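> Numbering-wise (the working numbering), the sequence shown opens with residue 157 and increments by one.
By construction, the Cβ of each residue, glycine as well, lies at the ideal position given by its N, Cα and C atoms.
Keep in mind the model is a prediction, meaning the values are calculated, not measured.
There's a structure below that I have some questions on.
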Amino acid sequence: MSSHRDEPDSAHRRPPGVSDAVVEALGALSKALETTERARGHLYSFHQLTGGADLELDRAVGLLREAGHPEWAERVRGEILGRNVIPGRWTFQIVEEYNATYYEPFKDVEDRVRRELAEGRDHLYEAELKERRRTDGHPDHTARPGAVPGTATEGGADGRPERA
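So this is what it looks like as structure tokens:
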């Protein structure tokens, strides 16, 4: 059995002097970035689904030819196969522009704010929420992997870290 005390690791503890307002603001910024990560995932899904549909058009063109409709096969091939999804762009170009114009700058600013205001520590809001919601001594409510339930000795009257 590990001898780790049942408290969050230092990466998930509020640095001295960081206020509740800063922790809440960083939590909101983190949530916004996580939502952007999800949006980016949907953008990649759009990219892959559209690309897959375009590749399936090769089969449709061939089947139309085999079915005796070469004029429709040629129309699908000429008008839809390889078509831009918006003027001048395939989906990979949309993904690249989104990453360069929005996603990378967002990630960079979020990282710089965290470094400047909280010594680079991530998920402080969630870590403190976890601490408030844990049941002391419960084996499935430990602060981190390898922690020994019920061994926290620092913090407020309830044994949990005090908020600044």
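Select from Thr247, Ser166, Ala299, Gly218 the residue whose C-alpha is nearest the C-alpha of Ser201.
Within the sequence shown, the letter at position 45 stands for residue 201. Nearest option by C-alpha distance: Thr247.
> Go ahead and pull the three-state DSSP assignment for Val179.
In the sequence shown, the residue the question calls residue 179 occupies position 23. It is helical.
> Suppose the cutoff is 7 Å on Cβ atoms and the five residues either side in sequence are ignored; what does the same chain contact list for Glu252 look like?
Mapped onto the sequence shown, residue 252 falls at position 96. Excluding sequence neighbours, Glu252 sits near nothing in its chain.
> Anyone know if the C-beta pair for Thr206 and Phe262 falls short of 8 Å?
Here the question's residue 206 lines up with position 50 in the sequence shown. Here the question's residue 262 lines up with position 106 in the sequence shown. No, they are not a contact pair.
> Any idea if Thr298 is buried or exposed, counting beta-carbon neighbours within 10 angstroms, 16 or more meaning buried?
As a first step, residue 298 is located in the sequence shown; it is residue number 142 there, counting from the start. Burial call: buried.
> State the start and end residues of the unbroken alpha helix (DSSP H) segment that holds Gly293.
For this step, residue 293 is matched to residue 137 along the sequence shown. No alpha helix (DSSP H) contains Gly293, which DSSP labels as neither H nor E.
> Between Val232 and the rest of its own chain, which residues show a CB-CB distance below 7 Å, the 5 nearest in sequence each way excluded?
For the purposes of this step, residue 232 is taken as the residue at position 76 of the sequence shown. These residues qualify, in order along the chain: Leu213, Ala216, Val217, Leu220.
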